[in-house]
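Just so we're on the same page, this note's numbering is the position in the sequence shown counted from 1, plus 991.
Note sheet for the following structure.
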Amino acid sequence: MQSTRTLTDKIFLVLKGLGMGAANKVPGISGGVVAFVAGFYEEFIYSLKKVNGKAFKLLINGRFKSFYRYVNGKFLGLLFFGMVVSYFSISKILDYLIKHYELYVWSVFFGMIIGSIYYINKDFRDWNYKTYTSLVIGILVGVSISFLNPAKENDNLLFVFFCGIISVSGMTLPGFSGSFILILLGNYVLLLVDSVNALYDTISDIFSADFSFVNNAERIRMLKVLAIFTLGSVTGLVTFSHILSYILKHYKSITLSAIIGFIVGSLGVVWPWKKTIYKLNNGGEFLLDSTGEKIIKNYQRFIPEFNTQTYYAVGFIFLGIAIVLALEWYGQKTKKTK
């Protein structure tokens, strides 16, 4: 599996990792959708499943090459490299675009999700009462999640570990946004903004030979939070992959129909035309997070007016659909050449 990848395949795999990393950070978008549409979802799940007792035994015994081959290391390595790079590059660009061009960014994402629904559904033929029931449950869960209100921030390390486990659901379960779940748990800013910025600042300090951060209690706390969050994420990633690989093997049609439902339900989260509702304190003033940003309570969705801005937004929706169709075309072309 690993030796047949061309240089172009490897470059595109890193790019797919960039896409997954960026998608995982944006509330309402699932990195698993990128994996599904780009055609490597099952390989991703089954590769993660290989991180098991046998893999750790190979690692402990110093058989690093055998471990690397066993866990499909080249595939996972390139993919995770793209994700890591994304968190320090693409996701920063996305943060800027969402802040200044929010309507158009959400429009592209909305279009990509519509395209994803088409892509997953077009070859699915096993419709029966079980798969229809699974589809409806998936839609209801996806829609229900979009209307929940966020909790307060909580930096308890056990809770942070739990957040790590839950946050990777977006990577393994298409349509289930891990970052949006973190908003609901109240820890999105703490875990995906503050702690990541602390790591970035620490790396910059180390390269500048400035080690004064070791005496910075707040910096050390944030690094500890990030370490526990990462540990929880790895635990969740491996655990979910084992569960999903079993489910895909024994209940593939029901699982796929539920995934389609999740993705349909997530359209409510990324609806482009929405007003942000912020949390207020008793005095009527906005509650702020640790960065001074207003804390989001939920979104009020509305029907757009017909104006130039709306027409541009609709154009960006079609752009999002086109991106997914282009990914599908590339995936089909790759399969034919192998």
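Glycine included, C-beta positions come from ideal geometry on N, C-alpha and C.
Taking its Cβ as the centre, do 16 or more other Cβ atoms sit within 10 Å of residue i, making it buried, or is it exposed?
i, result
"Ser-994", "Per-residue confidence for Ser-994 stands at a pLDDT of 48, beneath the threshold of 50, marking its modelled position as unreliable; no derived number is given."
"Asn-1178", "buried"
"Val-1075", "exposed"
"Asn-1015", "buried"
"Gly-1044", "exposed"
"Ala-1317", "exposed"
"Gly-1227", "buried"
"Leu-998", "exposed"
"Asp-1114", "exposed"
"Ser-1038", "buried"
"Ser-1195", "exposed"
"Val-1315", "buried"
"Ser-1080", "exposed"
"Asn-1063", "buried"
"Phe-1066", "buried"
"Phe-1253", "buried"
"Ile-1002", "exposed"
"Lys-1007", "buried"
"Trp-1320", "exposed"
"Val-1040", "Sequence inspection shows Lys at residue 1040; the Val mentioned does not correspond to that position. Lys-1040 comes out buried."
"Thr-1122", "buried"
"Gly-1010", "buried"
"Leu-1088", "exposed"
Which class does residue i belong to by DSSP, given the choice of helix, strand or coil?
i, result
"Leu-1271", "strand"
"Lys-1265", "strand"
"Tyr-1242", "coil"
"Asn-1015", "helix"
"Leu-1139", "coil"
"Gly-1053", "coil"
"Thr-997", "coil"
"Phe-1202", "coil"
"Trp-1320", "helix"
"Ser-1021", "coil"
"Arg-1060", "helix"
"Ile-1250", "helix"
"Val-1005", "helix"
"Arg-1116", "coil"
"Ile-1211", "helix"
"Ile-1084", "helix"
"Phe-1047", "helix"
"Ile-1312", "helix"
"Phe-1297", "coil"
"Val-1260", "coil"
Tell me the residue span of the alpha helix (DSSP H) that contains residue i.
i, result
"Ile-1104", "1093–1113"
"Ser-1077", "1064–1079"
"Ser-1038", "1032–1040"
"Ala-932", "Outside the displayed range of the chain (992 to 1329) lies residue 932, so it cannot be described from this structure."
Query raised in the report: What are the complete alpha helix (DSSP H) segments, minimum 4 residues, inside the region 1142–1191?
Result: Counting only runs of 4 or more, we get 1148–1158, 1160–1163 and 1169–1176.
Query raised in the report: Taking contact to mean at least 3 C-beta pairs separated by less than 8 Å, is the region 1302–1312 in contact with the region 1100–1110?
Result: Result yes; three or more Cβ-Cβ pairs closer than 8 Å.
Requested in this report: Mind the definition here: the region 1184–1191 touches the region 1201–1215 only if three or more C-beta pairs lie below 8 Å; say whether that holds.
Outcome: The region 1184–1191 vs the region 1201–1215: in contact.
Report task. Kindly confirm or deny that the region 1113–1127 and the region 1026–1042 touch, where touching means at least three C-beta pairs closer than 8 Å. Result -> With the cut-off at 8 Å, the region 1113–1127 and the region 1026–1042 do not touch.
Report task. Indicate whether the contact test is met: 3 or more Cβ pairs, each with one atom in the region 1232–1247 and one in the region 1168–1177, closer than 8 Å. Result -> Output reads no: the region 1168–1177 does not touch the region 1232–1247.
Requested in this report: Check whether the region 1147–1157 touches the region 1195–1208, counting contact only when three or more Cβ pairs, one atom from each stretch, lie closer than 8 Å.
Outcome: A contact between stretches requires three or more CB pairs, one per stretch, nearer than 8 Å, and the region 1147–1157 fails this requirement with the region 1195–1208.
Query raised in the report: Are there three or more Cβ pairs, one per stretch, closer than 8 Å when the region 1088–1095 is compared with the region 1239–1252?
Result: No, they do not touch.
Query raised in the report: Is it true that the region 1122–1138 meets the region 1254–1265, where meeting means three or more beta-carbon pairs spaced less than 8 Å apart?
Result: Yes, the region 1122–1138 is in contact with the region 1254–1265.
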